[in-house]
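Below is one structure, written out as structure tokens; the observations come after it.
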Amino acid sequence: MSLPAGTGRDGAGGPRGSNLRGVRAHNERLVLSLLRSRGEMSKADLTRLTGLSAQTVSVIMRALEDDGLIRRGQPLRGRIGQPSVPLGLARDGAFSLGLKVGQRSLDLVLVDFLGGIRTRVTERHRYPTPDTVVRFAVSAIADILSQLGADERARIAGLGIAMPFHTWHWWRTLGVPEEALLDWRGRDIGAEIGAATGLPVQVQNDGTAACGAELLFGHGRGPRDFLYFHLGYFIGGGIVLNGSLVPGRTGNAGAIGSMPVPDGRGGQTVLLDIASLSVLERMLGEAGEAAERLWDTPSEWRFPVPLVEAWADAAGRAIAAAAAAAVAVYDFEACLVDGWMPVPVRSLLVERVRAHLAAIPASGIDLPLIEAGSIGAHARSLGAASLPLSARFLLDLQAFASAGAG
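If you read the sequence shown in UniProt numbering, its first letter stands for residue 1, the second for the next number, and so on.
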């Protein structure tokens with residue numbers, strides 16, 4: 001099952017529908033995309049939703065089942081006639097690696113076809129450099145692959161990397177000399193890691209990647225249009241329009257951290273200077289707390305509650321201002337808020353954004369719904385891992401919607 005990246009099961013890499021193999025590859029991706037978004041379905045449901053003939057769907061299902069990409073569920077009894085047998089994605093049908101390059105930590109995950117994290121390797125640092133990232137990635141990938149059997153290794157679609165763009169700009173905020181980050185200007189770590197590991201590699205902005213994880217692995221059917229806020233060391237984000245991730249001309253769409261917002265003292269600043277975890281880190285340090293523990297695990301923080309609440313209130317006010325400004329440009333249905341934080345802290349932040357947004361005058365616009373994201377702290381790592389899976393097996397979501405699956 002070792003196929004070139006970006007092709008269908010039969011290796012067809014030409015334009016969709018350009019030949020019979022291209023049509024078959026497209027139809028297989030369509031079926032896999034439907035099962036990805038809607039869960040288990042019967043052959044009759046797939047026939048109805050794809051618009052393909054029952055015979056064609058049967059051939060596709062048989063091929064995908066032979067490849068181990070789909071599996072049969074338990075027969076649904078209690079109806080007239082033969083029991084219906086639902087089909088769904090096979091958890092072990094494919095795997096992918098995802099690397100998150102953060103300002104305070106590195107995170108490499110092995111993810112299965114359903115988005116479950118099988119293995120995770122992390123390393124904390126003071127700031128990222130190309131050399132440390134490449135070294136970590138090559139070593140961690142070798143370690144993970146050594147624990148897999150030959151069939152599992154053959155089912156790895158590739159490596160995705162989620163990383164902040166223009167890393168060299170942030171030396172002052174990180175508190176390091178300017179020259180410490182200059183190497184990022186001329187290095188292509190994706191190409192370097194790919195050459196060292198032999199894996200196909202894709203790179204995406206970390207905020208966009210986290211948004212992609214929400215779109216691909218999120219719970220239930222979310223809004224068709226939303227602005228996504230992800231709080232890491234810096235706040236970042238992504239844009240989804242008509243159910244499709246929008247990376248933008250340079251891949252940096254949703255760079256909401258640079259949005260001007262009120263600073264709470266009668267002046268202006270940018271969103272990342274208020275609503276980032278770097279701000280909480282600084283507040284913890286000034287209070288004599290062990291601020292580095294912020295990056296150990298997001299499942300539980302043991303910090304003074306009043307301090308975290310004060311940060312959440314200020315961050316919520318700034319995010320509300322950014323959300324109101326964004327819907328004046330495009331009428332997003334919702335804004336989703338997620339990040340590297342415990343679920344109760346995320347809930348508190350969402351509540352504060354809602355409260356501050358309700359107090360903003362909204363003449364001539366409809367304010368968006370404010371909801372929590374459904375992925376959580378590892379959204380960037382999962383988003384990175386989703387890149388090879390999407391490129392190898394799934395349809396572009398916009399094409400998917402136009403195919404009648406929306």
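For every residue, glycine included, the Cβ atom is placed at its ideal position computed from N, Cα and C.
Just so you know, these numbers come straight off a predicted model, no measurement behind them.
The way I'd put it, the segment 321-336 does touch the segment 214-228; three or more beta-carbon pairs between them come closer than 8 Å. The alpha-carbon of G88 is positioned some 35 Å away from that of A195. Just so you know, the alpha carbons of E123 and L106 end up roughly 5 Å apart. Within the same chain, F234, I235, G257 come within 6 Å of L272 by CB-CB distance, once the 5 residues on both sides are set aside. Secondary structure in the segment 23-63: the alpha helix (DSSP H) runs of 4 residues or longer, each lying completely within the stretch, are 43-50 in chain order.
Counting only runs that start and end inside the segment 234-295, the alpha helix (DSSP H) elements of at least 4 residues fall at 277-286. Residue ranges of uninterrupted beta strand (DSSP E) with 3 or more members, entirely inside the segment 190-228 and ordered along the chain, are 201-205. DSSP assignment within the segment 69-110 yields no whole alpha helix (DSSP H) run of 4 residues or more. Membership of R135 in any beta strand (DSSP E) is not indicated; the residue belongs instead to the alpha helix (DSSP H) covering 130-146. With respect to A385, S96 sits close: the two C-beta atoms are nearer than 8 Å.
Around the CB of T167, 16 or more other CB atoms lie within 10 Å, so the residue is classed as buried.
Counting C-beta pairs closer than 8 Å gives fewer than three between the segment 182-190 and the segment 366-383, which falls short of the contact rule. At least 8 Å separates the beta-carbon of M259 from that of D206.
Burial state of Q74 is exposed, judged by a 10 Å Cβ sphere holding fewer than 16 other Cβ atoms. Within the DSSP bridge table, the entry for V121 names L108 as partners. Our two residues, G267 and G243, have alpha carbons roughly 36 Å apart in a direct line.
Sequence-distant partners of W311 (beyond 5 residues in either direction) whose C-beta falls short of 7 Å from its own C-beta, in its chain, are V279, L280, M283. Taking 8 Å as the cut-off, the beta carbon of P368 is found no closer than this to the beta carbon of A391. The beta carbon of L145 sits closer than 7 Å to those of R153, all from its chain and outside the five residues before and after it, given in chain order.
Look at D188 here: in three-state DSSP terms it is coil, with no helix or strand label. By a beta-carbon distance limit of 8 Å, V353 contacts V337. Their separation comes to about 6 Å.
With contacts defined as CB atoms closer than 8 Å, R72 and V85 qualify as a contacting pair. Residue ranges of uninterrupted alpha helix (DSSP H) with 4 or more members, entirely inside the segment 291-343 and ordered along the chain, are 305-329. Taking 8 Å as the cut-off, the Cβ atoms of T50 and L34 count as close. In summary, S276 is buried, with 16 or more beta-carbon neighbours lying within 10 Å of its beta-carbon over all protein chains present. Note that the C-beta distance between P262 and T208 is not below 8 Å. The closest CA to that of E40, considering only A63, E214, V111, L69, is found on L69. For I365, DSSP records no beta bridge to any residue.
When I156, M61, L159, E178 are compared, the shortest CA-CA separation from Y127 is found for E178.
By the Cβ neighbour-count rule, Q103 is buried, with 16 or more other Cβ atoms within 10 Å of its own.
R249 is classed as exposed because its beta carbon has fewer than 16 other beta carbons within 10 Å across all chains shown.
In the DSSP assignment, G383 falls outside any beta strand (DSSP E) and lies within the alpha helix (DSSP H) extending over 379-393. Comparing alpha carbon positions, the residue from L30, N27, L387 closest to A210 is L387. Taking C-beta atoms as the reference points, I193 and A137 count as a pair closer than 8 Å. With respect to R120, V133 sits apart: the two C-beta atoms are not nearer than 8 Å. The residues L284, in chain order, have a CB closer than 8 Å to that of A290 in the same chain once the five nearest residues on each side in sequence are set aside.
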